[in-house]
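Colleague: The structure that follows is given in the form of structure tokens.
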Amino acid sequence: MDIRQLRYFIAIVEERKISAAAKRLHMSQPPLSQQLKAMEKELGSKLVERSGKYLEVTEAGNALYKNALEITQLMEETKTEVMEVGKGVNGRLTIGVNTFSVSGLPEVLEKFQTQFPKITYKIQQNESSHLCQLVRDRIVELAIIRLPLPLDDFSVLHLCNEPFYFITSKEHPSFDEEISLTEIQHHPLLFPSTEGLGVHYLILEAFSRFKLQPTIVGECSDISLLMDLVSADFAASIVPETLLHRFRGYPINAYRISSSTELTGSVGLIWLKDHSLSKAAQNFIEIIQTI
């Protein structure tokens, strides 16, 4: 049996006459009678019996009718769901987010959820280089990363550039609102990243450009712990502006690093080149471009 035959049988049961069922199905009576006989032969059971002018459903027919209703309803629901996924109304958004994230990401996701309330989410946080691999492995479709990184495999949407700040505890002597790398180099620094990765590289490259040697006491990729250590006057640090937005309320002082140093962080959204994105991912890209 197929779904078409189940729909035929539902009409026969509900109309109780072959002629009425055929009219409802916009077909002639003989083919419908043949389909009924074919179903009875396949199932080895009588499904309906004639009682005067009308057909009466047998016990076997009732069992088929009950299941036919459930199956055809499930088929309709499946068809609707698949169409909604194709339009991006339903489905799943899988996205990777850099450890430092993007300050406006909650607003983007809130707007996305308002427009597409049936979408579910898989959000993974990690270092940018690892996020690139997750996209390559198709574990996530999209990733928000920090540059620079080798991106030959990806399409890239540039999201923003942001300045870096020198942060110290409240107990530390204060500086002007802006500070230079020359003033920073002798302060013990705890880098907010792992050696060789994006932010760590950007900071070292900026010092190197000015032929300066920073005093590095360590690195800490756990940002909450880094903020605790800075506020406890364990060391100072250099962090992108986004981090300050995410960790408001910490007892620290923050000084913007002079723009003349050209120490800025670039943030981008990536996805695989020559790969068909889900409609949910396409809709997310459209929304993030508007914010």
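Whatever position you read off the sequence shown (first residue = 1), add 28 for the numbering used here. In this text, a Cβ means the ideal position worked out from N, Cα and C, and glycines have one as well. Every value quoted in this text rests on a predicted model; they were computed, and no experiment measured them.
(1) May I ask whether a heavy atom of the ligand COA can be found less than 7 angstroms away from the beta carbon of V258?
(2) Which value, in whole angstroms, describes the spacing of the CA atoms of E105 and S47?
(3) Assuming contact is defined by CB atoms lying nearer than 8 angstroms, are I147 and G114 in contact in what I supplied?
(4) For the beta strand (DSSP E) holding I167, just list the boundary residues, first then last.
(5) In the DSSP assignment, find the unbroken alpha helix (DSSP H) run with K275 in it and report its ends.
(6) Where in the stretch 78-131 do unbroken runs of the beta strand (DSSP E), each at least 3 residues long, occur, reported from the N-terminal end onward?
(7) Return the first residue and the last residue of the beta strand (DSSP E) that G59 is part of.
(8) Take every Cβ of the stretch 80-93, pair it with every Cβ of the stretch 268-276, and state whether three or more of those distances are shorter than 8 angstroms.
(9) Let's test the definition: count the other Cβ atoms within 10 Å of the Cβ of P220 and tell me whether it reaches 16, buried, or not, exposed.
(10) Grouping DSSP H, G and I as helix and E and B as strand, with all else coil, what is H200?
(11) When DSSP builds the beta bridges, which residues end up paired with P191?
(12) Considering Cα atoms alone, identify which of L159, V245 and T292 is closest to S265.
(13) Let me check one thing: in DSSP terms, what residues is E247 bridge-paired to?
(14) Which whole-angstrom value describes the C-beta separation of I231 and S286, a residue pair presumed to lie in contact below a C-beta threshold of 8 angstroms?
(15) Return the CA-CA distance between S61 and K139, expressed in angstroms with no decimal places.
(16) Less than 8 angstroms between the beta carbons of N281 and I212, yes or no?
(17) Helix, strand or coil for P155, going by three-state DSSP, please let me know.
(18) Sorted by chain position, which residues of the same chain lie with C-beta nearer than 7 angstroms to M67's C-beta, five sequence neighbours on each side aside?
(19) Report, in whole angstroms, the separation of the C-beta atoms of L185 and L297, which I expect to be a contact under 8 angstroms.
(20) For the stretch 170-179 against the stretch 288-297, do three or more pairs of beta-carbon atoms, one drawn from each stretch, fall closer than 8 angstroms, so that the two count as touching?
(21) Could you spell out where the beta strand (DSSP E) holding A282 opens and where it closes?
(22) Taking the C-alpha atoms as reference points, what is the distance between S252 and D165?
(23) Mind checking E155: buried by the 16 CB within 10 Å criterion, or exposed?
(24) What do you get for L102, buried or exposed, if any count of 16 or more other CB atoms within 10 angstroms of its CB means buried?
(25) Measuring CA to CA, which of P134, K65 and H54 is closest to F312?
(26) Within the same chain, show all residues whose beta-carbon is closer than 7 angstroms to that of G35, passing over the 5 residues directly before and after it, in chain order.
(27) Apart from the five residues on each side of it in sequence, which residues of its chain come closer than 7 angstroms, Cβ to Cβ, to D181?
(28) Check E206 in the structure and name its three-state DSSP category.
(29) Where DSSP assigns a beta bridge to S183, which residues make up the other side?
(30) Look at the Cβ atom of E199, then the Cβ atom of D261, and state whether they are nearer than 8 angstroms.
(31) Which value, in whole angstroms, describes the spacing of the CA atoms of Y240 and E233?
Modeller: Taking the geometry as given:
(1) Because no ligand of any kind appears in the structure shown, any question about the ligand COA cannot be addressed here.
(2) 29 angstroms
(3) In this structure, G114 does not lie closer than 8 angstroms to I147 by Cβ.
(4) Per DSSP, I167 belongs to no beta strand (DSSP E) and is neither H nor E.
(5) The identity of residue 275 in the sequence shown is Phe, whereas the question assumes Lys. That residue, F275, is in no alpha helix (DSSP H); it is neither H nor E in DSSP.
(6) Counting only runs of 3 or more, we get 82-85 and 120-126.
(7) Just to set this straight, residue 59 is Pro in the shown sequence, not Gly. Element bounds for P59: not the beta strand (DSSP E) but the alpha helix (DSSP H), Q57 to L71.
(8) no
(9) buried
(10) coil
(11) T292
(12) V245
(13) F219
(14) The pair is not a contact, with the Cβ atoms about 14 angstroms apart (cut-off 8 angstroms).
(15) 55 angstroms
(16) Taking the C-beta atoms as reference points, I212 is found no nearer than 8 angstroms to N281.
(17) One point to set straight first is that residue 155 is Glu, not Pro, in the sequence displayed. Three-state result, E155: coil.
(18) Taking C-beta separations shorter than 7 angstroms and ignoring five residues to either side along the sequence, the partners of M67 in its chain run M29, Q33, F37 and L75, following chain order.
(19) Contact holds; Cβ gap of about 4 angstroms.
(20) yes
(21) A282 -> beta strand (DSSP E) spans I280 to I285.
(22) 29 angstroms
(23) buried
(24) Label assigned to L102: exposed.
(25) Taking only the C-alpha atoms, the option nearest F312 is P134.
(26) Per the sequence shown, the amino acid found at residue 35 is Arg instead of Gly. The beta carbon of R35 is closer than 7 angstroms to those of T100 in its chain, skipping five residues each way along the sequence.
(27) R164, L300 and K301
(28) strand
(29) W299
(30) Yes, Cβ-Cβ distance for E199 and D261 is below 8 angstroms.
(31) It should be pointed out that residue 240 corresponds to Leu in this sequence rather than to Tyr. Approximately 10 angstroms, taken between the alpha carbons.
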